[in-house]
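Only one structure is covered here, and it is reproduced in the block below.
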Amino acid sequence: MFEQDYIMRQIKEMTAIMAKIMFGVNDRKSFYMLQEVERQKVHALVTQVKNGEPKEAVLELDRLTDNNTKENMMIGLEFYAQLSDMDEEYFINSGYSFGNMRDDFEHFAKKFGMEQMTELYFGKDENNE
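Quick note: the sequence shown, position 49, residue 49 per this note's numbering, numbers continuous.
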């Protein structure tokens, strides 16, 4: 549990660093730099997770990010950053796990050529060593 909390904090910090490097945005302001439409998309995805539908939210994010724009990359990064702030109970109750989140983030990161980000965010995958 402590290790997962630490990793989730790392996800938030890495997202803030990426936003600062790529877009010149400081810290958690990355969410506010998104246009209203993109903020609404993030909010809708997070609401789906809170309503017990994390798998559906991830599938929708996957569909949204098919065109690989910077805006959609930020939507995905903000989505995963907000997931890292959520109580583990949301995930347990819906049959979604930390391992699922890692796999889903890895898929997302590959779309944008950021394969190494998964290991930076989550550490080495113990199942594939």
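Each residue gets a CB set at the ideal place from its N, CA and C atoms; glycine is no exception.
In the three-state reduction of the DSSP assignment, Gln40 falls in the helix class, which pools H, G and I. Taking 8 Å as the cut-off, the Cβ atoms of Leu64 and Asn72 count as close. Taking the CA atoms as reference points, Ala109 sits about 23 Å from Glu36. With a beta-carbon spacing of about 6 Å, Asn68 and Phe112 fall inside the 8 Å limit used to define contacts.
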